[in-house]
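Worksheet for the structure shown next.
2 protein chains.
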Amino acid sequence: MPVFLNTRDADFENRFVALLGAKREDSPDVDAVVADIIADVRARGDAAVLELTAKFDRLALEASGLRFSDAEIDTAIATVGAEDRAALELAAERIRAYHARQMPQDDQWTDASGATLGWRWSAVSAAGLYVPGGLATYPSSVLMNAIPAKVAGVDRLAITVPTPDGEVNPLVLLAARLSGVDEVYRVGGAQAIAALAYGTETIAPVDKITGPGNAFVAAAKRRVFGKVGIDMIAGPSEILVIADKDNNPDWIALDLLSQAEHDESAQSLLITDDAAFGQAVAAAVDKRLETLERREIAGASWRDFGAVITVQDLDEAAALSNRIAPEHLELCVADPVGLSQQTIHAGAIFLGQFTPEAIGDYVGGPNHVLPTARSARFSSGLSVMDFLKRTTLSQMTPEALAAIGPAAEALAKSESLEAHGLSVRARLDSLNR
Amino acid sequence: MPVFLNTRDADFENRFVALLGAKREDSPDVDAVVADIIADVRARGDAAVLELTAKFDRLALEASGLRFSDAEIDTAIATVGAEDRAALELAAERIRAYHARQMPQDDQWTDASGATLGWRWSAVSAAGLYVPGGLATYPSSVLMNAIPAKVAGVDRLAITVPTPDGEVNPLVLLAARLSGVDEVYRVGGAQAIAALAYGTETIAPVDKITGPGNAFVAAAKRRVFGKVGIDMIAGPSEILVIADKDNNPDWIALDLLSQAEHDESAQSLLITDDAAFGQAVAAAVDKRLETLERREIAGASWRDFGAVITVQDLDEAAALSNRIAPEHLELCVADPVGLSQQTIHAGAIFLGQFTPEAIGDYVGGPNHVLPTARSARFSSGLSVMDFLKRTTLSQMTPEALAAIGPAAEALAKSESLEAHGLSVRARLDSLNR
C-alpha cells in the first residue's frame with residue numbers, strides 16, 4: 001500500500017522528509033569490472049569488442065559485421081507495420097519541430113570602450129548514442145536523443161545497440177533512420193561506451209555520449225567523462241500529479257501507473273486538496289492493477305514508493321512540489337497555467353487533464369530525457385544545448401586596450417601574476433611611443 | 001626547452017599526437033580521505049566543520065564565527081586601495097554587462113494540432129561558490145563565478161573561503177560584495193563542499209556548487225555531484241597562440257608566459273607559419289624568464305609542456321587548433337576574424353595583437369572559467385546557463401489529443417507499456433461518447 005500523508009498531521013514533516021530521502025535504487029558496484037573492460041577495449045580495440053560481444057550477447061561477429069549495413073537496416077525496417085511507422089514519423093516530426101526552436105543565437109557587439117565582444121555556438125563534431133537492447137529497447141529514446149543532436153548540427157552520429165543472440169528491434173533501426181543517424185553498431189555494455197570514447201579500428205571515437213543504460217553502462221559513462229562529454233546519469237523515473245477533485249480518478253490512476261510500470265524503483269506521487277479524491281484514485285489504481293500487463297512491476301513501485309498527500313490548498317501543493325522537484329509534473333486543476341507559475345522546479349510540466357504524461361514520452365515534442373532524483377533543482381532535460389558549445393570572442397582596439405588595460409594590469413599585480421600584467425603593459429607602452 | 005615541431009617533418013604526426021596526449025597533471029588520490037570528511041560533516045555538522053578548520057587552517061572558531069559579519073567585511077574592504085577598488089569595479093561592471101546578454105528567452109506557441117508547447121527558464125534557488133585561500137586566492141575568480149549566478153537570478157549565493165591562520169584577502173571580500181554575494185564563510189577544503197551540499201546548523205545547503213579548488217575540493221565536488229549540481233572540474237590552464245611573422249615576438253612571449261606562470265602543469269603553445277618567428281618568440285621567452293617573478297613555475301611549464309609548431313599556412317594552423325581544442329586561443333594574424341571562422345573548437349578566442357589573453361582573465365567581460373584538456377570539443381565556459389534550468393511545458397486540448405494521441409498509444413503498445421497507452425485511450429474514449 002502506498003503512503004497516505006496529510007499536511008494537517010503532526011508528523012507530516014518527518015514523514016515527508018522520509019519520503020523525499022527514500023533510497024529507491026541499489027546500484028550494484030560494477031566499477032572494477034567496467035574499468036577492466038575499458039582498459040581492454042583501449043588496448044585491443046575491435047578484438048576486445050568482438051570477444052566481449054560473443055561473451056555477453058552470445059553473438060559471434062567478425063569486425064566487418066560490427067556495423068549494420070544500409071541493406072541490413074533496409075531489410076529490418078521493411079518489417080515495420082504501417083501504423084507503427086506512421087506513429088514514429090509523427091513523433092520524429094514533432095520532436096524535430098520543438099527542438100529546432102531551441103537553437104540559440106550567436107551575438108556580437110561593440111561596447112563604449114571600442115571592444116568588440118560576443119560568442120558563437122558550434123556543434124559537437126561527433127556524438128554517440130547508447131541504446132539499450134533486450135526488453136527495455138525504446139525506439140522513442142532513439143528519437144529523443146538523436147534528433148536534438150542532428151538539429152544541433154552534429155556531423156557524425158553513431159548508435160551502439162546490443163543485439164543479444166543477434167536480435168534487434170526493427171523500430172529502433174527505423175527510429176535511427178528517421179533521425180538521420182549515420183552509423184549503427186551491434187555492441188552494448190561498457191564495451192560500447194569504451195569504443196565510442198576511445199575508438200577502435202572499426203568505430204571512430206566521438207566527442208559526446210548520451211543515452212540510457214544499465215549499471216555497467218552508467219559506470220562506464222562516469223569513467224570516460226572528461227575524455228568525452230556525457231549526458232546525465234538518469235535514475236528511476238518519477239511523476240507527481242497535482243489534482244483537484246474535478247478529475248476522473250481512473251485517468252489520474254493511469255497516469256500514476258504509467259510511471260510505476262517502468263520500473264519497480266519508479267515513484268508515483270499524488271497531491272490533492274481533497275482527501276476523498278485521493279482515496280478514490282488509490283482505489284482506481286488498485287482496480288487497474290488487477291489487469292495491467294506489467295502489474296508485478298507497477299504494483300511493487302506503487303506499494304513501495306507511491307504516496308497520496310492531502311494538502312489544505314494548492315499553494316501548499318506548489319510548495320511541496322518545489323521541494324520534490326519532480327521529473328514529470330502533471331497539473332490537473334482548474335487553472336493549471338496559474339499553478340505552473342508557482343511550481344518552479346520540475347523537469348517537464350503537463351498542463352490540464354487532457355495532457356497525460358505519456359504524450360510527452362512520445363509525441364508531444366519536448367524531450368523525455370529529464371532530470372530525476374530531485375535534480376530538476378539544478379538541471380534541465382536533454383536539448384540541442386547538449387550537442388552545442390559556446391566559444392566566447394573578444395577583440396580590443398588600441399583605444400579599447402588603453403581604456404580597460406590598466407585595470408587588468410592592476411588586478412594582475414594584485415594576484416601576483418606579473419606576466420599577465422606585462423602582456424598588457426608592453427602593448428600599452430607601444431601606444432605611448 | 002620546449003618542443004619544436006614542423007608539419008613538414010616526417011615524424012610530425014607522431015610527435016603532435018604525443019604532445020596532445022601528454023599527461024600534465026598527477027592528481028593525488030585523496031578520495032578515501034574526502035569520503036571520510038564528507039561523512040563526518042553529514043553526521044556532525046558544525047562540530048565537524050569547526051574541528052577540521054582548526055586542524056587544517058589552524059583556526060579555532062565557534063560556530064558563530066564561521067560566517068563573516070557585515071562589519072568584518074566592511075573593515076576588511078576598507079583596507080583596499082583606490083586603484084585596486086576601481087579596477088575590480090570596472091571588471092565587475094564589464095562582466096555583468098556581458099553576462100546579462102546571455103540570458104535566454106522563454107518561449108511558448110500553439111501548433112497546428114492545437115497543442116500549446118514551450119519552455120520556461122528559472123534560476124537555481126541557492127548556489128555555493130568555493131574560493132581557494134592562501135597563495136592562489138584570486139578575486140577575479142570570485143567575480144567570474146558570482147556575477148553570472150546573480151545575473152541568472154540566484155536568490156541565495158554563499159561563498160566558502162579558507163582563512164589559514166585567520167588570514168583573508170580583502171580583495172576577495174570586496175569582489176564578493178561587488179558581486180552581490182549573500183553569505184561568506186571561513187571554511188575550506190572538502191569540509192566546505194560537504195557543508196554546502198548537505199548543510200550544517202550554520203550553513204544552509206545549496207543546489208549548485210561552482211569554483212576552483214585543490215585535489216581535495218575536486219574530489220569532494222565529484223562525490224557530492226547528484227546531490228547538488230557542480231561546474232566542470234578544471235585542469236591546468238592552456239593557451240594556443242597562432243601568430244604570423246608580423247608580430248612583436250616579446251608580446252607573444254609574454255602571452256605564452258601569462259599561462260605558464262599559473263602552474264608548472266600549464267601549457268603554452270605557439271603555431272606560426274614562419275619558423276624564424278617561432279625561434280624569435282622562443283628567444284624572447286628565455287629573455288623574459290631571466291627576470292620574471294614566477295620564473296621557476298613559468299620556466300618549468302614552458303620547458304616541460306611548451307611547444308612551437310611551424311606550419312605551411314594558416315589553414316594548417318586552424319586544423320591543428322581544432323585538434324588541440326584549446327582553452328584560450330589567440331589569433332595574432334592579419335585577418336583574425338576570418339581565421340576564427342575555421343577554429344571551431346576553443347573555449348575563448350582573442351582576436352588580433354591588441355587582445356592579450358590577460359584581458360579576458362580580468363576585464364574583457366567574457367568568463368575566464370573555460371574548458372580545459374581538450375574538453376572545448378564538447379563543453380563551454382561558465383555562463384548564466386550554469387545557474388539556470390529549463391522546464392518544458394505542454395498543454396493538449398481535447399482536439400490536440402485526438403490528433404496526436406493515437407500515435408502515442410501505438411508507440412506505447414510497441415514498447416509494451418500498457419498503462420502509457422491506456423492513459424491516452426481513456427481520455428480519447430471520453431471524447432467519443
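Those protein sequences? They're chains A and B, same order as listed. Start counting the first sequence at 1; every next residue gets the next number (UniProt numbering). Start counting the second sequence at 1; every next residue gets the next number (UniProt numbering). In this text, a Cβ means the ideal position worked out from N, Cα and C, and glycines have one as well.
DSSP lists A:Gly118 as the beta-bridge partner residues of A:Gln108. Around the beta-carbon of B:Asp315, fewer than 16 other beta-carbon atoms lie within 10 Å, marking it exposed.
Looking from the CA of A:Asn214, the closest CA among A:Pro28, A:Val3, A:Val168, A:Val181 belongs to A:Pro28. In this structure, B:Ala190 places its C-beta atom within 9 Å of the C-beta atom of B:Val34. Counting only the Cα atoms, B:Asn367 lies some 10 Å from B:Ser140. Shown in chain order are the members of the stretch 214-241 of chain A whose Cβ falls below 8 Å from a Cβ of chain B: Gly226, Val228, Gly229, Ile233.
Collapsing the DSSP output to three states places A:Thr355 in coil. Between A:Ala158 and A:Ile95, the CB-CB gap reaches or exceeds 9 Å. Excluding the 5 residues flanking it on each side, A:Gly114 has same chain C-beta neighbours closer than 6 Å at Thr397, Glu399, Ala400, in chain order. Rounded to whole angstroms, the separation of the alpha carbons of A:Ala146 and B:Asp40 is 43 Å. Counting along the chain, the unbroken beta strand (DSSP E) around B:Glu238 starts and ends at 238-243. Cβ atoms of B:Pro205 and B:Gly199 come within 8 Å of each other, at about 3 Å. The alpha carbon of A:Asp182 has as its nearest neighbour, out of A:Ser258, A:Lys227, A:Gly128, the alpha carbon of A:Gly128. Secondary structure of B:Asn247 (DSSP, three-state): coil.
For A:His420, the C-beta contacts it makes with chain B under 7 Å involve Ser258, Ala358, Asp361, in order along the chain. A:Asp84 is the residue among A:Gly166, A:Gln108, A:Asp106, A:Asp84 whose C-alpha sits nearest the C-alpha of A:Leu178.
B:Gly299 has a beta carbon lying at 9 Å or more from every beta carbon in chain A. With contacts defined as CB atoms closer than 9 Å, B:Glu25 and B:Gly235 qualify as a contacting pair. When rounded, the separation of the alpha-carbon atoms in B:Gln267 and B:Ala298 is 10 Å.
When only Cα atoms are considered, A:Ala152 and A:Asn14 end up about 45 Å apart. Here the alpha carbon of A:Lys208 sits roughly 28 Å from the alpha carbon of B:Ala197. Here A:Trp251 is buried, its C-beta having at least 16 other C-beta atoms within 10 Å. By the rule that beta-carbons nearer than 9 Å mark a contact, B:Arg94 touches chain A. For B:Met103, no CB of chain A lies under 9 Å from its own CB, so it is not counted at the interface with that chain. With respect to chain B, the C-beta atom of A:Pro132 has no partner C-beta closer than 9 Å.
In the structure shown, B:Gln279 falls within a helical segment according to DSSP collapsed to helix, strand and coil. Annotation: B:Lys23 is outside any beta strand (DSSP E) and is labelled neither H nor E by DSSP. The Cβ atoms of A:Ile344 and B:Thr391 sit closer than 9 Å to each other. With a cutoff of 9 Å on beta-carbon distance, A:Ala325 and A:Leu339 are scored as not near each other. DSSP lists B:Ala158, B:Ile209 as the beta-bridge partner residues of B:Gly128.
Sorting A:Pro356, A:Pro164, A:Ser423, A:Ala126 by C-alpha distance to the C-alpha of A:Pro406 places A:Ser423 at the top.
Note that the C-beta distance between A:Gly306 and A:Ala260 is below 9 Å. Listed along chain A is no residue with a C-beta nearer than 8 Å to that of B:Val285; the closest approach is about 10 Å. For A:Ser179, no Cβ of chain B is located within less than 9 Å of the residue's own Cβ. Close partners of A:Lys208 in chain B (Cβ separation under 7 Å): Phe378. Taking C-beta separations shorter than 6 Å and ignoring five residues to either side along the sequence, the partners of A:His328 in its chain run Ile239, Ala348, Glu357, following chain order.
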